[in-house]
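The next block holds one structure in the form of structure tokens; read it before the comments.
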Amino acid sequence: MVATIVASLPSFLLASSVAHSSSTSSLIFNKLRSSSRLRFSFAVAPLCSRRAKFMAHTLASANLGLTQPANIENPKAQLPLLNIHMIRSSYLDPWPHFRLFLCVCFIVMKFQDNDTKMVVVSFVKNAGKIAFAAKEIDVGEWKGDMLAVGVTEKDMTKDENSKFQNSILKKLDRLLGGLLAEVSSEEDFTGKSGQSTVLRLPGLGSKRVGLIGLGQSASSPSAFRGLGEAVAAAAKTAQANSVAVVLASPEGLSNESKLGIASAIASGAVLGIHEDNRYKSESKKPQLKSLDILGLGTGPELEKKLKYAEDVSSAIVFGRELVNSPANVLTPAALAEEASKIASSYSDVISANILTAEQCKELKMGSYLGVAAASDNPPYFIHLCYKPLSGPIKAKLALVGKGLTFDSGGYNIKTGPGCSIDVMKIDMGGSAAVLGSAKALGQIKPPGVEVHFIVASCENMISGTGMRPGDILTASNGKTIEVNNTDAEGRLTLADALVYACNQGVEKIVDLATLTGACIVALGPSIAGVFTPSDELAKEVFEASEISGEKFWRMPLEESYWESMKSGVADMVNTGGRPGGAITAALFLKQFVDEKVQWMHIDLAGPVWNEKKRVATGFGVSTLVEWVLKNSS
């Protein structure tokens, strides 16, 4: 059998060194002069070794998300610029010199074998661009593909003659010759949340009229975001390019409420049309190109709010795509590269510092490196820093995200029903929220606040070099940890990340992690658990969540539970008993935070993933951005 190898590399790369050991080799390139890419393919016949045979992982390569490739000068770390990926598993000869020799010899050659198949993954920019506009125009005069009306159950009330009492619905029904009331009755449309109907009727400037149910009442951001998502879904079904949205009952809304509603509708529309089709052989691009919001005002303030919604929504989509990406694509190096692209795209306000394993070793990050030790994919410690264009700094914040691009459980391997090892690519959901927030803030550019985005990225795998149950690790603050469960690895990486964050001189830290199944058991799949000793910080974040519409619930930090975390030979163990598992995990993290720093831990193991649709949600981005903006003002 012959394995076909595909390589994609920037042209004009200069090789600086070749390092080798008994079983590995690496080619490091230190200069990138052009962003153009050269693709080539060649075949390597499998060679047998008397000493050992090594199975290569089946890999695919992808360009992630919404940031554009860019040249980044980073003296701190040389990220892999040449990715050579095996398309099909085969046995590899362990001698690095001979493998490298074969690569050079056959670089211009291409062999094909009946057993060898080349797989090409297509990658699509998934965030369809929608042109938003706020207009004050009579609904009967608007022209386009679909007019969508958000209606409550009260709006659907009819008189004794089966005519609408709501003024907007009454006007539309009159223009349509009574057909709107007739059809809504026939289809038993009552305005309940989740109901929708789209009618193609003559008599209006719009080709179709859609009724979208809002339930008994609609007042929360999540309700209007849901309206935007429903409109996007209806537009997709109708293959509509231009859509307008109007509320049947906009009376009595304050100007501030109108701004929030328009923003939520716009955000819902962007998220509603997003489908992550990068790994599908066939995909359709979204048809929706423009969305007019009617009856909620006009002017620069509203336009600014719509731009804000677009920025945050694109960041949520970016976070979704990071979490959706499989572990053979989103390695720690790939995650670090995405972070570097964010810094490059918004270099006027964001800088990047990517630390290698050797640099982390110099900082004595034994807890983090203990987790990373088993994987062939090296760890990368990501640190982005946002600083405003000008003006004084009023607050220094840190967002810390768990960045396990795959979690096998280590020697305490995930097995049995409910272990969810098949979706452990989502174990970097905290880092996706953090990097998504960085992307949004790079676009928004809030004044008066400095923000550090920190991710200790690695994999938790199994090998002879990996940490074992019973090992003792020393974190960068000098505290020792007896590992009694290698599958409680996220807190070990966060320990050194939290110490690092405190050393940046920040006043407040929020960490986010898919940390425990116990939190899902306690709060279900839609609500994130919040742990903090600071009432002030809790108040800030919960106020931000009221605007974002994301759901959080504050959990207790019961200090007496710490007794179960004590070790006989080290300062602590990394897991306690099963009862209160989410609480003891938070208490563990607390050991690595300076007492002078306000700190919050968010366990988002549940809401980071939509199990029904089997896709990521982008949870956390919107709330984090709102929290930063509150500290900015």
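Going letter by letter, the sequence shown gives residues -15 to -1, 1 to 618 in mature numbering (1 follows the signal peptide of the UniProt record, and there is no 0). Glycine included, every Cβ here is placed at the ideal spot set by N, Cα and C.
query                                                                                                                                                                 : result
Go ahead and label THR471 buried or exposed: buried means 16 or more other beta carbons lie within 10 angstroms of its beta carbon, across all protein chains shown.  : buried
Since GLN617 is in the beta strand (DSSP E), which residue starts that stretch and which ends it?                                                                     : Note on residue identity: the sequence assigns Ser, not Gln, to residue 617. Counting along the chain, SER617 falls outside any beta strand (DSSP E), though it belongs to the alpha helix (DSSP H) covering 606 to 617.
Can you tell which of ILE115, ASN616, ALA208 and GLY129 has the C-alpha that lies nearest to the C-alpha of PRO373?                                                   : ASN616
Return the chain-ordered list of same chain residues with a C-beta closer than 6 Å to the C-beta of GLY135, the five sequence neighbours on each side being excluded. : ILE197, LEU199, LEU212 and LEU232
Count the other CB atoms within 10 Å of the CB of PRO31; is the residue buried (16 or more) or exposed (fewer)?                                                       : For PRO31, the predicted structure reports a pLDDT of 36, less than 50, and the residue's modelled location is therefore unreliable. A value from the coordinates is still provided. Label assigned to PRO31: exposed.
Could you tell me the alpha carbon to alpha carbon distance between THR400 and SER325, rounded to whole angstroms?                                                    : 35 Å
Check MET131 in the structure and name its three-state DSSP category.                                                                                                 : strand
Could you work out which residue in ALA321, ALA380 and ARG563 is closest to PRO431 when comparing CA atoms only?                                                      : ALA380
Nearest to ILE339 by CA position, among THR465, HIS368, LEU508 and ALA215, is which residue?                                                                          : HIS368
Roughly how many whole angstroms lie between the Cα atoms of SER181 and ALA300?                                                                                       : 28 Å
Within the continuous alpha helix (DSSP H) that includes PHE209, where are the two ends?                                                                              : 206 to 223
Flag this pair as touching only if the segment 474 to 490 and the segment 384 to 402 have three or more C-beta atom pairs under 8 Å; answer yes or no.                : yes
Taking the alpha carbon of LEU508 as the reference point, which residue from SER552, SER545, VAL495 and GLY565 has its own alpha carbon closest?                      : GLY565
Would DSSP call ALA62 helix, strand or coil?                                                                                                                          : With a pLDDT of 39 at ALA62, under the threshold of 50, the modelled position of that residue is not reliable, and no figure is offered here.
Grouping DSSP H, G and I as helix and E and B as strand, with all else coil, what is GLY603?                                                                          : coil
For my contact list, PHE438 and ALA425 are in at a C-beta cut-off of 8 Å; report their separation, rounded to the angstrom.                                           : Incorrect: roughly 11 Å between the Cβ atoms, too far for contact.
What's the call for LYS410, buried or exposed, on a 16-neighbour Cβ count within 10 Å?                                                                                : buried
Starting from GLY195 and walking both ways along the alpha helix (DSSP H), at which residues does that stretch end?                                                   : It is not in any alpha helix (DSSP H) - GLY195 instead sits in the beta strand (DSSP E) that spans 191 to 198.
With 16 as the cutoff for other CB atoms within 10 Å, does ASP412 come out buried or exposed?                                                                         : buried
Taking the alpha helix (DSSP H) that GLY257 belongs to, which residues open and close that run?                                                                       : 240 to 258
Taking the alpha carbon of ALA247 as the point to measure from, which residue in SER178, GLU286 and ASN226 has its own alpha carbon closest?                          : GLU286
Going by C-alpha to C-alpha distance, which of ILE512, PHE537 and ILE494 sits closest to SER519?                                                                      : ILE494
Go ahead and pull the three-state DSSP assignment for LEU420.                                                                                                         : helix
Output the distance between the C-alpha atoms of GLU322 and THR465, rounded to the nearest integer angstrom.                                                          : 32 Å
With which residues is MET141 paired in a DSSP beta bridge?                                                                                                           : MET141 pairs with nothing; no bridge assigned.
What did DSSP end up calling ALA480 once you bin it into helix, strand or coil?                                                                                       : helix
Within its chain, find whatever has a CB closer than 7 Å to the CB of ALA460; leave out the 5 residues flanking it on each side and keep chain order.                 : GLY351, SER352, ILE466, ALA480, ASP481, VAL484 and PHE577
Go ahead and pull the three-state DSSP assignment for MET557.                                                                                                         : strand
Can you tell me whether DSSP reads SER10 as helix, strand or coil?                                                                                                    : Since pLDDT at SER10 reaches only 33, below the 50 mark, its modelled position is unreliable, and the value read off the structure follows with that caveat. Reduced to three states, the DSSP call for SER10 is strand.
Does the Cβ of GLN150 have 16 or more other Cβ atoms within 10 Å, making it buried, or fewer, making it exposed?                                                      : exposed
Taking GLY514 as part of the beta strand (DSSP E), name the residues at either end of that continuous run.                                                            : 513 to 516
Excluding the 5 residues flanking ALA571 on each side, which residues of the same chain have their C-beta closer than 7 Å to its C-beta?                              : PHE516, LEU542 and HIS586
The beta strand (DSSP E) with VAL228 in it runs from where to where?                                                                                                  : 227 to 232
If we count Cβ pairs, one from each stretch, closer than 8 Å, do we get three or more for the segment 303 to 314 versus the segment 135 to 149?                       : no
Can you check whether the CB of PRO206 is closer than 8 Å to the CB of GLY534?                                                                                        : yes
Give a yes or no on whether the minimum CB-CB distance between VAL554 and chain C is below 8 Å.                                                                       : In the structure shown, chain C cannot be found, because there is only a single protein chain.
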